[in-house]
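Before any comments, here is the structure.
Number of protein chains: 2
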Amino acid sequence: MRNLQGRLDLCSINTATLGHREPLSRTIDRIARAGFGGIAPWRREVDEADVVQIARQIKALDLTVTGYCRSTYLPATTSAEFAANVEANRAALRDAATLGARCFVMVVGGLPEGSRDLTSARNQVTEGIAMLLETARDCGVPLALEPLHPVYAADRAVLNTIAQALEICERVDNDRSGMIGVAVDVYHCWWDPALTASIEAAGRAERLLAYHVCDWLRETRDVLLDRGMMGDGVIDLPAVRQTIERAGYDGLIEVEIFSAQDWWRRDPEEVLAICAERLQSVC
Amino acid sequence: MRNLQGRLDLCSINTATLGHREPLSRTIDRIARAGFGGIAPWRREVDEADVVQIARQIKALDLTVTGYCRSTYLPATTSAEFAANVEANRAALRDAATLGARCFVMVVGGLPEGSRDLTSARNQVTEGIAMLLETARDCGVPLALEPLHPVYAADRAVLNTIAQALEICERVDNDRSGMIGVAVDVYHCWWDPALTASIEAAGRAERLLAYHVCDWLRETRDVLLDRGMMGDGVIDLPAVRQTIERAGYDGLIEVEIFSAQDWWRRDPEEVLAICAERLQSVC
């Protein structure tokens, strides 16, 4: 396992960690100044600015874009809506290419409003991903399927385990083009009895595209916006990193913390300093 | 699939559905009077009363005890604590036998306070279950392992999928004694991509011991105490029941709803009437 001491160049900050309180250009500067090697910006921030200018700034600061967050949800009630969702993702993929992103993070979406048909939603996801794979190839930006915790199955993602993500990858890309894989986020998959086996399988298929860390608080007050700082929760972070690095992952370690009541209320400089310290001590 | 119209004798009420607001004997009367064929009481209610008298009342009203809720959590920090947890479950199993329960519902417990060792907690669970199996045989009450939604992995149950439960069953009972199996609760496993396959596997192994229904609300406000009434959420209840009955389940359909802000505030008679109506119309 890589030693992260003094290696913030191996670490990345997902801008959600700072709560999207400042313009992206300012956030980029903060992250670079704190010594991190990477950044993962969000579309809404980029859309509020100028993507070319943002790309130029990131490049000038020598930051790796570890991922571009995130896809428009795919499952839809009508085929027109579904087509529009795919199209919105195509546009985002082109921006991801402009940014030089290592991957486009796909949070696939939950059940369409009013639907109870999980199978159909999952089929739409596979279909949409297959359609986007071509664009990903054209843009040179791989699709990183991010399984979300099962608690979000209704409203955010019907993709809930790494095994399920790998099954989609094999179905749409059995020649292993390198243009589709998984984003492993400890928050979403730490509980999975198949975690080690699934990460190993993803490694063998060369599909490990991103690795996100934070922590699961034992007393979670809000499953969406109460993620913990690494070290404050129950996840055995070194064990998971050892597993993913042994399986071949050699990309950056990205911090992504949604925390409306705690970290998003703190000074961004303090948050970055604590991220840096925890990355080097407990991850 | 069985037709539940006019067949409340095939339906059971878990007393948690009424919010534990009244003495158990009153709850038993209400459930019998409403026409349900079964009841699943909780230990704390039974412990507040006299188990022999409760058993007599339930028998006189011809109610099936579809499950006795629930086990003392197994994982512990010290071996003395672990042994005490096992012993507490042995005592509960004897009460389950007195009640004539069809099964003893095992919610296995989360990580011990301060622990990040999921593997060790899971090993303790398997070990504890193996120890309890003997008592279950002596008492004639099967252990129903209930996988809980992964959102409870830290604090309530490190057993999170039916597949994982079946693996434990095979490990501790490969001669298939009939004294251990799974309790399938739609709230906990509706999201599982392996749901159908796992239920079928459980059926083939004759390990389907209980079936619990409620609903998953799209906008869940509290993952512990905001379960929905059947029909109010996103779970395709007829599809799940068809799967489990095709797999050989012929026991009762048990309603278990934790709902601090809604159903637990309503009149118990109203709750039972709506349960009856929904069981016959949307389950």
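As given, the protein sequences belong to chains A and B, one line each in that order. Once you know that position 79 of the first sequence is 79 in full-length UniProt numbering, the rest is easy, because the numbers rise by one and skip nothing. Once you know that position 265 of the second sequence is 265 in full-length UniProt numbering, the rest is easy, because the numbers rise by one and skip nothing. A virtual CB, placed ideally from N, CA and C, is assigned to each residue, including glycine.
Asked: Among residues of its own chain, excluding the 5 on either side of TYR187/A, which ones have a beta-carbon nearer than 7 Å to its beta-carbon?; Found: HIS149, CYS214, TRP216 and ARG227
Asked: Going by alpha carbons, who is nearest to SER115/B out of ILE257/A, PRO238/A, VAL234/A and ASP117/A?; Found: VAL234/A
Asked: Label MET1/B either buried or exposed according to how many other C-beta atoms from any shown protein chain fall within 10 Å of its C-beta, with 16 as the threshold for buried.; Found: exposed
Asked: Tell me the start and end of each unbroken beta strand (DSSP E) in the segment 110-174 of chain A that is at least 3 residues and wholly inside, in chain order.; Found: 143-145
Asked: Specify whether the segment 3-23 of chain B and the segment 57-71 of chain B touch according to this definition: at least 3 beta carbon pairs, one from each stretch, less than 8 Å apart.; Found: yes
Asked: Run through chain B and tell me which residues come within less than 7 Å of ALA153/A, C-beta to C-beta.; Found: TRP191
Asked: Measure from the alpha carbon of GLU134/A to the alpha carbon of each residue in GLU170/A, LEU93/A, LEU208/A and LEU166/A, then state which is nearest.; Found: LEU93/A
Asked: Starting from the C-beta of ALA260/A, find all residues in its chain whose C-beta is less than 6 Å away, skip the five residues before and the five after it, and write them out in chain order.; Found: LEU225
Asked: Can you find a CB in chain B that lies within less than 8 Å of the CB of ASP117/A?; Found: yes
Asked: Mind checking if PRO75/B is an interface residue toward chain A, Cβ cutoff 8 Å exclusive?; Found: no
Asked: Please state if the CB of LEU209/A and the CB of ALA183/A are separated by a distance shorter than 8 Å.; Found: yes
Asked: How big is the Cα-Cα spacing for THR178/B and ARG266/B?; Found: Looking at the sequence provided, one finds Gly at residue 178/B rather than Thr. Those two C-alpha atoms are separated by around 39 Å.
Asked: Can you check whether the C-beta of PRO41/A is within less than 8 Å of a C-beta belonging to chain B?; Found: no
Asked: Apart from the five residues on each side of it in sequence, which residues of its chain come closer than 7 Å, Cβ to Cβ, to ALA96/B?; Found: TYR68, PHE104, CYS139 and VAL141
Asked: Give the range of the beta strand (DSSP E) segment to which ILE39/A is assigned.; Found: 38-40
Asked: In chain A, what lies closer than 9 Å to THR126/B by C-beta?; Found: Going along chain A, no residue has its Cβ under 9 Å from THR126/B, so there is no contact; the nearest lies around 12 Å.
Asked: Show which residues of chain B have a CB atom less than 9 Å away from the CB atom of VAL223/A.; Found: VAL151, THR220 and VAL223
Asked: Buried or exposed: where does THR77/B fall if 16 or more other Cβ atoms within 10 Å of its Cβ makes it buried?; Found: exposed
Asked: Taking only beta-carbon positions, decide if ASN123/B is within less than 8 Å of chain A.; Found: no
Asked: Tell me which residue opens and which closes the beta strand (DSSP E) that SER12/A is part of.; Found: 11-14
Asked: By Cβ distance, which residues of its chain are closer than 7 Å to LEU252/A, with the 5 residues on each side in sequence left out?; Found: LEU10, CYS11, SER12, GLY37, GLY38, THR64 and THR66
Asked: On the DSSP bridge assignment, give the partners of MET1/A in chain order.; Found: According to DSSP, which records beta bridges pairwise, MET1/A is partnered with nothing at all.
Asked: Enumerate in chain order the residues of its own chain whose CB-to-CB distance from CYS275/B is below 6 Å, with the five nearest sequence positions on each side excluded.; Found: VAL255
Asked: Can you list the residues of chain A that VAL234/B reaches, using a CB-CB cut of under 7 Å?; Found: LEU111, ARG116 and ALA154
Asked: Give a yes or no on whether 8 Å exceeds the smallest Cβ distance from THR161/B to chain A.; Found: yes
Asked: Between LEU145/A and the rest of its own chain, which residues show a CB-CB distance below 8 Å, the 5 nearest in sequence each way excluded?; Found: MET106, VAL108, ILE129, LEU159, ALA165, ILE168, CYS169, ILE180, GLY181, VAL182 and ALA183
Asked: Taking buried to mean at least 16 other C-beta atoms within 10 Å of its own C-beta, is GLN124/A buried or exposed?; Found: buried
Asked: Please return the same chain residues whose Cβ sits closer than 6 Å to the Cβ of ILE31/B, not counting the five positions on each side in sequence.; Found: ILE13 and ILE39
Asked: Using 8 Å as the threshold, is the C-beta distance between ALA157/A and SER198/A below it?; Found: no
Asked: Quick one: Cα of GLY35/A to Cα of VAL282/A, how far?; Found: 18 Å
Asked: Assuming TRP190/B and VAL223/B are in contact, meaning their beta carbons sit under 8 Å apart, how far apart are those beta carbons, in whole angstroms?; Found: No, TRP190/B and VAL223/B are not in contact; Cβ-Cβ is about 13 Å, not under 8 Å.
Asked: Could you check whether TYR211/A and ILE257/A sit closer than 8 Å to each other, using their CB atoms as the reference points?; Found: no
Asked: Given this structure, state the Cα-to-Cα distance separating CYS174/B from GLN242/A, to the nearest angstrom.; Found: The amino acid at residue 174/B is misidentified as Cys; the sequence shows Asn. Distance between the alpha carbons of ASN174/B and GLN242/A: 33 Å.
Asked: Can you tell me whether PRO147/B is buried or exposed? The criterion is at least 16 other CB atoms within 10 Å of its CB, across all chains shown.; Found: buried
Asked: Using the beta-carbon count (16 or more within 10 Å), is GLY6/B buried or exposed?; Found: exposed
Asked: ARG171/B and THR126/B look like a contact to me (Cβ under 8 Å); what is the Cβ gap, rounded to whole Å?; Found: 6 Å
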